[in-house]
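Structure record follows, encoded as structure tokens.
Number of protein chains: 4
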Amino acid sequence: MSRYSELKQIAWECNQELPARGLVTHTFGNASAYDPESSVFAIKPSGVPFSELTAGQMVVVDLDYRVVDGNLKPSSDTKTHGLLYRHWSDLGGIVHTHSPYAVAWAQAMKPIPVLGTTHADHLARDIPCTAVMSDEMVTRDYEEQTGQQILDALSGFSHAEVEMILVACHGPFAWGETPQKAVENSYMLEMIARMAFHTLAINPDTPRLKDTLLRKHFERKHGPDAYYGQP
Amino acid sequence: MSRYSELKQIAWECNQELPARGLVTHTFGNASAYDPESSVFAIKPSGVPFSELTAGQMVVVDLDYRVVDGNLKPSSDTKTHGLLYRHWSDLGGIVHTHSPYAVAWAQAMKPIPVLGTTHADHLARDIPCTAVMSDEMVTRDYEEQTGQQILDALSGFSHAEVEMILVACHGPFAWGETPQKAVENSYMLEMIARMAFHTLAINPDTPRLKDTLLRKHFERKHGPDAYYGQP
Amino acid sequence: MSRYSELKQIAWECNQELPARGLVTHTFGNASAYDPESSVFAIKPSGVPFSELTAGQMVVVDLDYRVVDGNLKPSSDTKTHGLLYRHWSDLGGIVHTHSPYAVAWAQAMKPIPVLGTTHADHLARDIPCTAVMSDEMVTRDYEEQTGQQILDALSGFSHAEVEMILVACHGPFAWGETPQKAVENSYMLEMIARMAFHTLAINPDTPRLKDTLLRKHFERKHGPDAYYGQP
Amino acid sequence: MSRYSELKQIAWECNQELPARGLVTHTFGNASAYDPESSVFAIKPSGVPFSELTAGQMVVVDLDYRVVDGNLKPSSDTKTHGLLYRHWSDLGGIVHTHSPYAVAWAQAMKPIPVLGTTHADHLARDIPCTAVMSDEMVTRDYEEQTGQQILDALSGFSHAEVEMILVACHGPFAWGETPQKAVENSYMLEMIARMAFHTLAINPDTPRLKDTLLRKHFERKHGPDAYYGQP
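Here's what the structure looks like:
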């Protein structure tokens with residue numbers, strides 16, 4: 001039994017959550033789980049349908065993108081995950097999906113404006129959309145540069161303040177202090193994207209949520225005096 | 232066994248109905264059941280995922296928002312429920328969800344116009360949308376003031392005439408003479424919100440349902456000579 | 463055992479199909495099955511949730527709207543069904559639902575234009591929408607007049623040429639030579655309504671299907687030289 | 694046991710996938726599996742509901758559209774499949790559905806522009822839409838001419854470069870080197886059609902995906918140096 005079997009098991013469970021919640025289909029998308037002690041992460045193997053995935057097939061990779069455990073090739077998005085773990089050492093998991101409403105916003109190259117409290121419960125600002133990648137970055141190292149685009153788009157905010165993002169022309173990424181939290185953020189991003197879509201279809205002039213309400217909802221869940229949830 | 236175990240069981244069953252009908256996800260939303268004899272209500276505990284909820288975890292609260300039974304912290308929306316029960320002593324249940332089409336209308340800050348008989352079967356007027364809460368109310372006591380916003384938005388109508396509402400920038404609340412009826416109203420609000428969305432997308436100039444048809448449908452279900460359903 | 467038990471069984475099975483296919487929720491909508499030999503039809507009882515319905519609860523009604531078998535009150539829409547059976551003696555079944563896209567077109571008071579072959583496989587013209595009922599008709603005998611509105615909207619076409627319709631401000635009705643065919647038509651109406659909605663959202667100037675294609679698809683299924691399906 | 698029983702089994706399994714993935718309903722749509730050695734294909738029988746289909750009912754047809762095995766009449770779209778197999782001898786399967794978003798684009802008579810990487814992972818150009826069939830072609834041999842329309846619309850591209858298409862006013866066809874790949878392409882066409890619909894609703898001026906990103910995604914899956922998936 002691999003010394004990484006627990007990490008692989010967790011990563012596999014999170015990958016299983018993605019089709020169960022309607023966030024991915026076939027082979028698209030991937031979840032990874034990071035172990036800060038050994039500085040490695042377990043990630044889905046490339047091109048394997050979710051319906052056939054086993055925990056033993058998960059691939060463990062270090063922060064230099066070298067496979068340290070597993071018989072299969074890791075996800076083609078491995079360097080995107082790796083670059084983020086390298087910069088954000090307290091991260092527990094990353095999820096990438098092709099969930100339909102989030103992809104629509106990413107393809108439209110628009111950040112998702114904060115329009116209500118469901119959004120503010122998770123994020124005290126718009127969900128950012130990265131810039132479109134330059135030709136030079138695409139040809140240099142596409143997957144690693146995708147991670148760089150994400151870092152750039154957050155500039156001025158910490159990854160704990162903004163745990164979900166749209167990569168322009170591509171689709172959503174989400175993360176969290178645990179892999180399970182990353183899955184949940186990925187799911188909430190799709191819900192928020194869907195609600196924002198319909199809100200603006202009803203009223204294209206819907207203003208952003210006013211600041212007091214935004215702060216109230218974000219702080220009651222995430223602030224120093226948070227009172228949502230159990231102590 | 233708690234003297235409130237029956238009330239907690241009913242509240243738990245109604246909370247279970249919410250994810251089963253696609254009205255809530257994860258920890259969002261809550262149902263409560265009121266006992267007018269002892270002036271207490273059972274409500275979902277705060278931040279507990281619906282999938283892990285047990286009847287025993289339900290929290291019983293009195294009309295001064297004091298926990299009288301249960302080991303967990305009640306829903307962060309407890310004061311909203313409480314204020315409504317205090318004003319409407321014949322109420323049996325209240326449901327709050329983040330169902331997607333109703334949230335879209337709430338975020339767009341628009342009442343849902345009565346466009347057809349499905350709506351009129353439940354409500355003889357538009358589904359109201361509250362005003363956006365003032366900064367002063369947000370900072371004073373946000374959750375109690377949410378209840379106040381609901382009371383204000385109904386002004387001139389009884390809660391029996393209007394059993395569903397949109398809280399601006401937030402989402403839907405519904406109620407009824409029983410907790411089960413509150414769940415059903417919550418579900419119908421989402422259906423009506425969805426149908427109105429598509430109706431206005433087909434024809435943005437769709438007029439309100441004419442008054443004779445509105446009255447006919449509402450009265451055959453709810454009027455003094457109602458003939459819908461079994462005697 | 464009632465002499466009508468077979469008819470009630472068929473009507474019950476068709477009513478069960480409606481929630482299974484996502485066409486109705488809770489107590490909304492109803493299917494009936496007609497027996498031309500005894501000139502009676504079995505229909506859903508009023509206000510009973512589909513999930514609790516039993517075959518024995520179905521109500522048998524004659525063409526003067528008198529209950530001839532059953533212990534419950536028949537559907538509030540019984541006279542609509544009855545009037546249609548009275549005029550179309552070769553009909554086998556009628557279905558009324560509140561399926562969401564069809565209701566949206568009905569609320570928008572728009573016929574559904576024939577935009578493609580899925581539509582033409584069932585109907586060689588637009589799906590009609592009735593006129594809005596006059597105040598006089600609403601107050602005289604609402605449910606019977608709903609049937610009259612349907613007859614009027616078909617004027618010039620036989621019920622075999624047009625097996626599905628929208629009642630303005632209300633929702634869809636469909637029928638067929640058997641009750642099962644009525645259920646299928648009800649389902650196809652929802653599919654066609656949904657496809658037309660998205661087609662016109664993509665291209666608001668989409669023209670009607672050209673006549674040769676319309677004829678080709680309708681005739682290969684329904685014409686004298688039909689070659690679709692098994693001989 | 695028929696010498697074609699394996700081919701029929703494969704075709705049946707692919708047909709079963711279609712309702713399971715929400716791509717077809719009732720009797721609409723069909724999948725076929727081609728055997729290049731004996732130059733025959735197994736296809737769904739005409740007008741049989743998917744829910745009642747058995748592997749033994751599949752019909753085996755040669756490239757002159759003659760039934761060589763099976764007791765039922767083959768799909769009314771048999772000549773469309775046959776013409777394509779005649780021209781593309783290395784094809785393994787063809788799928789035709791009435792999946793709702795793809796039908797909406799086909800009815801709107803619009804190609805689906807390449808707006809993101811989900812699309813580019815499958816196809817390095819827009820998903821073509823055929824011309825509307827001329828009256829002469831409709832009356833000559835409708836189903837065979839549907840195949841001809843597909844061949845014409847691809848002109849200049851190989852069927853390996855473009856594995857999915859919209860037939861104007863009708864709906865989607867997809868193919869692949871195996872029948873399973875044809876089913877997958879059929880499913881991805883619906884996903885891409887849905888995402889493009891919402892993208893253009895958010896931003897009607899969304900530009901096509903830039904060429905470097907288009908090439909990058911297509912090549913990493915399908916180019917000579919593809920590195921997606923397992924070796």
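Residue numbers (my numbering), protein chains in the order written: chain A, 1 to 231; chain B, 232 to 462; chain C, 463 to 693; chain D, 694 to 924.
Note that the Cβ used here is the ideal one computed from N, Cα and C, for glycine as well.
For this session: Give, in chain order, every residue of the stretch 2-31 of chain A whose Cβ lies closer than 8 Å to some Cβ of chain B.
Result: Under the 8 Å Cβ criterion, the stretch 2-31 of chain A contributes no residue.
For this session: Report yes if the CB atom of V167(A) is closer than 8 Å to the CB atom of I150(A), and no otherwise.
Result: When the beta-carbon positions are compared, V167(A) and I150(A) come within less than 8 Å of each other.
For this session: Report the residue from N302(B), K275(B), S269(B) whose alpha carbon sits nearest the alpha carbon of C245(B).
Result: Looking at the Cα atoms, K275(B) is the closest of the given residues.
For this session: Measure the C-alpha to C-alpha separation of L816(D) and Q16(A) and round it to an integer number of angstroms.
Result: C-alpha separation (whole angstroms): 27 Å.
For this session: Please report the Cβ distance between V624(C) and P575(C), rounded to the nearest whole angstrom; I am assuming they are in contact, meaning their Cβ atoms lie under 8 Å.
Result: Actually they are not in contact, since the Cβ atoms of V624(C) and P575(C) sit about 14 Å apart, beyond 8 Å.
For this session: Would you identify the three-state DSSP class for Y34(A), choosing helix, strand or coil?
Result: The answer is strand: DSSP assigns Y34(A) an E or B state.
Problem set entry | Environment of T348(B) [buried if 16+ CB atoms lie within 10 Å] | By the C-beta density criterion, T348(B) is buried, having at least 16 other C-beta atoms within 10 angstroms.
Exercise. Would you say K535(C) faces chain B, with C-beta separation under 8 Å as the test?
Worked result: For K535(C), at least one C-beta of chain B is nearer than 8 Å to its own C-beta.
Problem set entry | Environment of T232(A) [buried if 16+ CB atoms lie within 10 Å] | Limits of chain A in this structure are 1 at one end and 231 at the other, which puts residue 232(A) out of reach.
Exercise. When the cut-off is 8 Å and only beta carbons count, does Q180(A) lie next to chain D?
Worked result: For Q180(A), no CB of chain D lies under 8 Å from its own CB, so it is not counted at the interface with that chain.
For this session: Kindly indicate if chain A contains any beta-carbon less than 8 Å away from that of V298(B).
Result: No Cβ of chain A is located within less than 8 Å of the beta carbon of V298(B).
Problem set entry | Terminal residues of the beta strand (DSSP E) in which V291(B) lies | 290-293 is the extent of the beta strand (DSSP E) around V291(B).
Exercise. What alpha helix (DSSP H) runs, 4 residues minimum, are completely inside the stretch 415-462 of chain B?
Worked result: Considered as a whole, the stretch 415-462 of chain B harbours 442-453 as its complete alpha helix (DSSP H) runs of no fewer than 4 residues, in chain order.
Exercise. Quick one: is I202(A) near chain B, going by C-beta distance under 8 Å?
Worked result: Yes, its Cβ sits closer than 8 Å to a Cβ of chain B.
Exercise. With distances taken from CA atoms, which of L469(C), L515(C), L534(C), M595(C) is nearest S500(C)?
Worked result: Out of L469(C), L515(C), L534(C), M595(C), L469(C) has the C-alpha closest to the C-alpha of S500(C).
Problem set entry | Interface residues of the stretch 158-185 of chain A facing chain B [CB-CB below 7 Å] | Within the stretch 158-185 of chain A, the qualifying residues are E184.
For this session: Verify the CB distance criterion: does H966(D) have a CB-CB separation below 8 Å to chain A?
Result: Any property of residue 966(D) remains undetermined from this structure, which presents chain D solely from 694 to 924.
Problem set entry | Listed by chain order, chain A residues near K803(D) by CB distance under 8 Å | Chain A residues near K803(D): none, gap ~16 Å exceeds 8 Å.
For this session: Examine chain A for any beta-carbon lying closer than 8 Å to the beta-carbon of P370(B), and answer yes or no.
Result: Here the sequence assigns Thr to residue 370(B), which means Pro is not the residue at that position. Chain A contact via Cβ: present.
For this session: Just tell me which of C169(A), E177(A), A196(A) has its CA closest to the CA of P900(D).
Result: Looking at C169(A), E177(A), A196(A), the one whose alpha-carbon comes closest to that of P900(D) is C169(A).
Exercise. Does the distance from the C-beta atom of G772(D) to that of D828(D) stay below 8 Å?
Worked result: In the sequence as presented, Gly is not what sits at residue 772(D); that position holds Lys. If you check the CB distance, K772(D) and D828(D) do not come in under 8 Å.
For this session: To the nearest angstrom, report how far apart E415(B) and F197(A) are at their CA atoms.
Result: Straight-line Cα distance between these residues: approximately 26 Å.
Problem set entry | Chain-ordered neighbours of L440(B) on chain C, where CB pairs are closer than 7 Å | Here the neighbours are C631.
Exercise. In its own chain, which residues sit with a C-beta less than 6 Å from the C-beta of E241(B), not counting the 5 before and 5 after it?
Worked result: Per the sequence shown, residue 241(B) should be read as Ile rather than Glu. If we look at I241(B) and ignore the five residues flanking it on each side, its Cβ neighbours are A264, P410.
Exercise. If you measure from the beta carbon of Y142(A) to each beta carbon in chain D, is any gap under 8 Å?
Worked result: Yes, Y142(A) lies at the interface with chain D (some Cβ there is under 8 Å from its Cβ).
For this session: Check whether the Cβ of S51(A) lies closer than 8 Å to any Cβ atom in chain D.
Result: Under the Cβ criterion of 8 Å, S51(A) is not counted among the residues facing chain D.
For this session: List the residues of chain B that R194(A) touches, going by C-beta distances under 9 Å, in chain order.
Result: By Cβ distance, chain B contributes P331, A335.
For this session: Measuring only between beta-carbons, confirm whether H660(C) sits less than 8 Å from chain D.
Result: Yes, its Cβ sits closer than 8 Å to a Cβ of chain D.
Exercise. Applying a beta-carbon distance threshold of less than 7 Å, which residues of chain B neighbour M578(C)?
Worked result: Looking at the sequence itself, residue 578(C) is Gly, so the reference to Met does not match. Chain-order list of chain B residues neighbouring G578(C): empty, with the shortest C-beta distance near 17 Å, by a criterion of under 7 Å.
For this session: Give me whichever residues DSSP pairs with D300(B) in a beta bridge.
Result: Per DSSP, the beta-bridge partners of D300(B) are V291(B).
For this session: Can you tell me the Cβ-Cβ gap for L420(C) and Q461(B), rounded? I've got them flagged as a contact below 8 Å.
Result: Nothing can be reported for residue 420(C): it is not among the residues displayed for chain C, which extend from 463 to 693.
Exercise. Of all the CB atoms in chain B, is at least one closer than 8 Å to the CB of M595(C)?
Worked result: Chain B has a Cβ within less than 8 Å of the Cβ of M595(C).
Exercise. Which full runs of the alpha helix (DSSP H) of 4+ residues lie inside the stretch 812-891 of chain D, going along the chain?
Worked result: Counting only unbroken stretches of 4 or more residues, the alpha helix (DSSP H) elements lying wholly within the stretch 812-891 of chain D are 828-846, in sequence order.
For this session: Could you tell me if E143(A) is buried or exposed, where buried requires 16 or more neighbouring beta carbons within 10 angstroms of its beta carbon?
Result: Per the 10 Å Cβ criterion, buried.
Exercise. What residues of chain D sit near P45(A), judged by a beta carbon separation below 8 Å?
Worked result: Counting only Cβ-Cβ distances below 8 Å, P45(A) has contacts in chain D at Q923, in chain order.
For this session: Mind reading off the beta-carbon distance from A795(D) to L902(D)? Whole number of angstroms is fine, and I expect it under 8 Å.
Result: Contact between A795(D) and L902(D) is absent: CB atoms are separated by about 19 Å, not below the 8 Å threshold.
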